[in-house]
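**Student:** Structure in structure tokens, see below.
Residue numbers (this note's numbering), protein chains in the order written: chain A, 1 to 235; chain B, 1 to 292.
Okay, here's the thing in structure tokens:
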């Protein structure tokens, strides 16, 4: 099984500060479900930023979808970003646009015609329980509803890699279970999922998921699962 | 298929990405003032060019025979010039008329018999006429007679008119540059306002060109509205000036704006719109390159 992401001696620092990520050396396999855990400040969000190409590493190499992108020209990045769905911790919804338009955005940016947008977006909004809130703007939605719109936007174009930063932080237990059901369903369809969370119950409720632990910017991988080669051998 | 006007056909759903606040930014007003001023200055420059052309054409083949101190048979001098080869027309200026002209500066003294008045005969000659032969002919009658070309007398005025045209052209360029600078500031302001939206768009795979098209369209529409409004206001002013025909005639020496000039003036606001659109595109693309 090929790797969706390969990190090779990756380090990251912001400005002239100390490194927030150090010597990251791992690979994420296609179609695998990963949980990313660690204490606050361990570097989870920074690692996710590297994964969804919002940040370049200050050292080391990152390959995504088989391509070396650490130093790729910025104009080459958009096609790769379209293959990644991101659920941001702060939702990052565009406040003056309706829930429908927010969810439709990835499809429209990818060039989908209006007639190809309506159906999938309605279906996705229904799936996250917001069918009747399609025309509502984010400021009029509760935190949980905004979270669900953000998730719907992240998965609408069936990304190959789904990255979620605390995706269930603002929803009740029932909705959390439902959203995780969506993620595992997408994972079964082949999407690689990386979910950063503190919620151990989510991890326990997702059998077969791999665990990535970060401590002070370095990877803790006691079982070596992240280093396994496509064939299953050790790196 | 992509075309150079893709930016204008951004779908309405994507246009909604740029929040409309319900009130327009000052860009159209700034562009309108620039457009108004540019059209008026350009019209002045073109009118000056036409005036210089008319004047230059009128005196191109015109010469004057002058006999300082006078005392010559004006009719004989006129006949001598008329019979010279290449001369098309001749008008002798009567002494009374010369004195009348001098009266404006000298008062009644101009009519004093003690005041010598030069004899003057104006004539038009075909191009290539041998002026030396005419000179020899008239010097036989009046030894001090000399021929002067009107274009030499008017040369300083024509040079001043040319200089004014250059100044007008320079002002048009300067104002266009100022309009471009205003567009750059407007584009940067708009980018700052929509920074969050741009980050989200980039995050989900929008290209710089997709983002740029949104801003380019908005600024192009603002610039078009401003340019056309300013151009129309300038047209009204020009029509009012043209209405005062006598004033305009005195001002331009009889030269008016021709069809070619009106076409140029009509195209100026459109050129300003095109400049603003191009500058907006360049400014937005340059600003976007600063992000990942």
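Glycine included, every Cβ here is placed at the ideal spot set by N, Cα and C.
Being a predicted model, the structure only gives us computed values, none of them experimental.
1. For a quick check, are the C-beta atoms of residue 14 (chain B) and residue 108 (chain A) less than 8 angstroms apart?
2. If we count the other Cβ atoms within 10 Å of its Cβ and call it buried at 16 or more, is residue 38 (chain B) buried or exposed?
3. Could you work out which residues of chain B lie near residue 108 (chain A), taking near to mean beta carbons separated by less than 8 angstroms?
4. Taking 8 angstroms as the threshold (beta carbon to beta carbon), is residue 86 (chain A) in contact with chain B?
5. Look up residue 156 (chain A) in the DSSP assignment and say whether it is helix, strand or coil.
6. Are the C-beta atoms of residue 34 (chain B) and some chain A residue less than 8 angstroms apart?
7. Taking 8 angstroms as the threshold (beta carbon to beta carbon), is residue 210 (chain B) in contact with chain A?
8. Name, going along the chain, the residues of the segment 122-154 of chain A whose beta-carbon falls closer than 7 angstroms to a beta-carbon of chain B.
9. Quick check: is any heavy atom of the ligand FMN less than 7 angstroms from the C-beta of residue 115 (chain A)?
10. Starting from residue 200 (chain B), find everything on chain A with Cβ-Cβ shorter than 7 angstroms and list it in chain order.
11. As a quick exercise: from A:143, A:186, A:58, A:30, pick the residue whose alpha carbon is nearest that of residue 65 (chain A).
12. For residue 122 (chain B), which three-state DSSP category applies?
13. Kindly say whether residue 203 (chain B), judged by its beta-carbon, lies nearer than 8 angstroms to any beta-carbon of chain A.
14. Beta carbons nearer than 7 angstroms to chain A: which residues of the segment 171-197 of chain B have them?
15. Name the DSSP bridge partner or partners of residue 27 (chain A)?
16. Take every Cβ of the segment 148-156 of chain B, pair it with every Cβ of the segment 60-78 of chain B, and state whether three or more of those distances are shorter than 8 angstroms.
17. Compute the beta-carbon to beta-carbon distance between residue 209 (chain A) and residue 80 (chain A), rounded to the nearest angstrom, for a pair I have assumed lies under 8 angstroms.
18. With a cut-off of 8 angstroms on the beta carbons, I'd call residue 104 (chain A) and residue 82 (chain A) a contact; round off their distance for me.
19. Listing by chain order, which chain B residues have their CB less than 8 angstroms from the CB of residue 75 (chain A)?
20. Count the other CB atoms, across all protein chains shown, that sit within 10 Å of the CB of residue 132 (chain B); report buried if there are 16 or more and exposed otherwise.
21. Tell me the DSSP secondary structure of residue 1 (chain B) in three-state form.
22. If you count every other CB in all the chains shown that lies within 10 Å of the CB of residue 133 (chain A), and 16 or more means buried, which is it?
23. In the DSSP assignment, find the unbroken beta strand (DSSP E) run with residue 224 (chain B) in it and report its ends.
24. Quick check on DSSP: helix, strand or coil for residue 236 (chain A)?
25. Check whether the Cβ atoms of residue 78 (chain B) and residue 90 (chain B) lie closer than 8 angstroms to each other.
26. Kindly indicate which three-state DSSP category residue 145 (chain B) falls into: helix, strand or coil?
27. Residue 177 (chain A) lies in the alpha helix (DSSP H); which residues open and close that run?
28. Residues of the segment 157-188 of chain A in Cβ contact with chain B at a cutoff of 7 angstroms, in chain order, please.
29. Cβ of residue 117 (chain B) within 8 angstroms of Cβ of residue 95 (chain B)?
30. Near residue 287 (chain B), what residues of its chain come up, given a Cβ to Cβ distance below 7 angstroms and the 5 sequence neighbours on each side ignored?
**Tutor:** Judging by the given coordinates:
1. What you label residue 14 (chain B) is simply residue 14 of the second chain in a count that begins at 1. What you label residue 108 (chain A) is simply residue 108 of the first chain in a count that begins at 1. Yes. Within cutoff.
2. Within the second chain, the letter at position 38 stands for residue 38 (chain B). Buried, because 16 or more other Cβ atoms sit within 10 Å of the Cβ of residue 38 (chain B).
3. In the first chain, counting from the first residue as 1, residue 108 (chain A) sits at position 108. Annotation: Cβ neighbours of residue 108 (chain A) in chain B (cutoff 8 angstroms, chain order): 11, 13, 14.
4. Working through the first chain from its first residue, we reach residue 86 (chain A) at position 86. Yes - at least one Cβ of chain B is within 8 angstroms of the one on residue 86 (chain A).
5. Here residue 156 (chain A) is taken as the residue at index 156 of the first chain, counted from 1. If DSSP states are grouped into helix, strand and coil, residue 156 (chain A) belongs with coil.
6. Residue mapping note: residue 34 (chain B) aligns to position 34 of the second chain, counting from 1. Residue 34 (chain B) does not count as touching chain A.
7. By 1-based counting over the second chain, the position of residue 210 (chain B) is 210. True, the Cβ-Cβ gap to chain A drops below 8 angstroms.
8. Listed by position along the chain: nothing, the set is empty.
9. This structure simply doesn't include the ligand FMN, nor any ligand for that matter.
10. One-based indexing of the second chain puts residue 200 (chain B) at position 200. Under the 7 angstroms cutoff, chain A gives 92, 94.
11. As a working note, residue 65 (chain A) is residue 65 in the first chain. Proximity to residue 65 (chain A) across A:143, A:186, A:58, A:30 peaks at A:30, based on C-alpha coordinates.
12. Position 122 of the second chain, counted from the first residue, corresponds to residue 122 (chain B). The answer is strand: DSSP assigns residue 122 (chain B) an E or B state.
13. Along the second chain, read from residue 1 onward, the residue named residue 203 (chain B) stands at position 203. Yes, its Cβ sits closer than 8 angstroms to a Cβ of chain A.
14. Those residues of the segment 171-197 of chain B that come within reach of chain A (Cβ to Cβ, closer than 7 angstroms) are 197.
15. For this step, residue 27 (chain A) is matched to residue 27 along the first chain. Beta-bridge pairing links residue 27 (chain A) to A:6.
16. Yes, they touch.
17. The residue you call residue 209 (chain A) lines up with position 209 of the first chain. The residue you call residue 80 (chain A) lines up with position 80 of the first chain. Contact flag wrong, Cβ pair sits at about 24 angstroms.
18. Walking along the first chain from the start, residue 104 (chain A) turns up at place 104. Walking along the first chain from the start, residue 82 (chain A) turns up at place 82. That pair is no contact at about 14 angstroms.
19. Within the first chain, the letter at position 75 stands for residue 75 (chain A). Those within 8 angstroms of residue 75 (chain A) in chain B are 207, 208.
20. In the second chain, residue 132 (chain B) corresponds to position 132, counting from 1. Classification of residue 132 (chain B): exposed, given that the 10 Å Cβ count is below 16.
21. Position 1 of the second chain, counted from the first residue, corresponds to residue 1 (chain B). Summary for residue 1 (chain B): the model assigns pLDDT 45, below 50, so the residue's position carries little reliability; its value from the coordinates is reported in the next sentence. Coil at residue 1 (chain B), not helix or strand.
22. Residue mapping note: residue 133 (chain A) aligns to position 133 of the first chain, counting from 1. That one is buried.
23. Against the second chain, residue 224 (chain B) aligns to sequence position 224. From DSSP, residue 224 (chain B) is part of no beta strand (DSSP E) but of the alpha helix (DSSP H) over 208-243.
24. Outside the displayed range of chain A (1 to 235) lies residue 236 (chain A), so it cannot be described from this structure.
25. Within the second chain, numbered from 1, the residue matching residue 78 (chain B) stands at position 78. Within the second chain, numbered from 1, the residue matching residue 90 (chain B) stands at position 90. Yes; because the gap between Cβ atoms is below 8 angstroms, this pair is in contact.
26. One-based indexing of the second chain puts residue 145 (chain B) at position 145. Residue 145 (chain B) sits in coil when the DSSP states are folded into three classes, being neither helix nor strand.
27. In the first chain, the residue the question calls residue 177 (chain A) occupies position 177. First-last of the alpha helix (DSSP H) with residue 177 (chain A): 173-188.
28. Flagged: no residues at all.
29. On the second chain, position 117 is the one that residue 117 (chain B) refers to. On the second chain, position 95 is the one that residue 95 (chain B) refers to. Taking 8 angstroms as the Cβ cut-off, residue 117 (chain B) and residue 95 (chain B) qualify as a contacting pair.
30. Here the question's residue 287 (chain B) lines up with position 287 in the second chain. If we look at residue 287 (chain B) and ignore the five residues flanking it on each side, its Cβ neighbours are 188, 191.
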